[in-house]
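The sequence shown runs contiguously to residue 273 in this note's numbering. By construction, the Cβ of each residue, glycine as well, lies at the ideal position given by its N, Cα and C atoms.
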Amino acid sequence: MKRVLVFTVLSFVIGGVIYSCKHEPEPIPLPPVEPVCFQEEVLPIFRSNCAMSGCHSAQSAQDGIILDNYFNILSSGVVPFNPNESEVYEVLLEQDPDDRMPLAPAPPLSSAQIGIIYAWIAQGARNDSCATECDTVNVTYSNQVTKVLNGNCMGCHRGPSPSGNVNLDGYTNLKTWVDNGKLSLSVNQQNGATPMPYLSPRMNDCNVRTIQIWIDNGALNN
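Right under this line is the structure:
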């Protein structure tokens with residue numbers, strides 16, 4: 052009887068240890084109450100963290116995956132209304148740095164960014180925009196301009212090997228492309244420079260106007 056009791060107790064202890072060692076599933080972010088807007092909230096996350104040179108830009112297309120516009124993102128394993136079956140979402144939660152996206156040494160997305168992507172998929176993965184009236188009063192480099200660039204350009208144009216050898220990170224680097232006229236031509240997708248974002252639709256009118264107004268006002272470091 053003692054042996055049976057001891058065996059039973061050991062079984063519970065060992066079972067508890069095994070159970071506690073199992074991988075706990077990642078908590079699933081709750082979708083925001085308000086609808087998530089693809090153009091203003093989701094696309095900038097992908098462009099700045101995934102669609103960069105050497106990863107999932109149109110030129111690099113690692114593993115055949117491009118994440119630079121709505122249709123490419125949707126075809127990368129997005130299952131509308133079902134984030135947990137969407138590969139593009141699942142890789143954001145991987146604990147192994149060799150499997151997690153963005154790949155190390157790049158930092159993982161923040162909880163807020165992951166929550167936005169989860170909510171976008173859960174809400175149907177729509178290609179929508181929440182753009183309101185464009186505020187182009189007192190456009191400054193530190194506020195409006197850097198926000199536009201970070202959301203649409205920096206994924207490719209920063210770091211030691213920027214795409215096309217065009218580094219837009221920081222005022223001094225950016226001013227080089229203002230002074231030679233390439234920045235204006237690129238964001239307006241006009242002849243004389245490579246249209247940007249590369250192989251993607253033109254940025255929305257508000258973003259283009261913001262950059263152009265800043266340039267027209269002297270491209271100050273303000």
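Non-local C-beta neighbours of Leu225 in its own chain, meaning closer than 6 Å and more than five positions away in sequence, comprise Leu219, ordered along the chain.
Between Val129 and Val139 a beta carbon distance of about 6 Å is seen, short of the 8 Å cut, so the two are scored as contacting. Within the same chain, Cβ atoms closer than 8 Å to the Cβ of Ala157 are found at Asn100, the five residues on either side in sequence being excluded. In the structure shown, Ile167 falls within a helical segment according to DSSP collapsed to helix, strand and coil.
Judged by DSSP in its simplified three-state form, Leu236 adopts helix. Listed in chain order, the non-local C-beta contacts of Leu236 below 7 Å within the same chain comprise Gly243, Ala244, local neighbours out to five positions each way being set aside. Every unbroken stretch of the alpha helix (DSSP H) spanning 4 or more residues and falling wholly within the region 170 to 254 is given here in chain order: 197 to 203, 222 to 230, 233 to 238.
Within the region 80 to 138, the runs of alpha helix (DSSP H) at least 4 residues long that lie entirely inside it are, in chain order, 94 to 100, 121 to 125.
By the neighbour-count criterion, in which 16 or more other beta carbons inside 10 Å mark a residue as buried, Cys207 falls on the buried side. Contact between the region 252 to 263 and the region 186 to 195 is established, with three or more Cβ pairs separated by less than 8 Å. In the DSSP assignment, Asn273 falls outside any alpha helix (DSSP H) and carries neither an H nor an E.
Residue state for Asp149 is assigned as coil, using DSSP reduced to three classes. About 6 Å separates the beta carbon of Val87 from that of Gln174, a gap short enough to meet the 8 Å contact definition. Shown here, Ser161 sits in coil according to DSSP, grouped into three states, outside any helix or strand.
When the five nearest sequence neighbours on each side are left out, the beta carbons in the same chain lying within less than 6 Å of the beta carbon of Arg253 are those of Gln240, in order along the chain. Rounded to whole angstroms, the gap between the alpha carbons of Gly221 and Arg209 is 9 Å.
When the beta-carbon positions are compared, Ala182 and Glu91 come within less than 8 Å of each other. Gln146 counts as exposed, since fewer than 16 other beta carbons sit within 10 angstroms of its beta carbon. A distance of 8 Å or more separates the beta carbons of Ile116 and Gln164.
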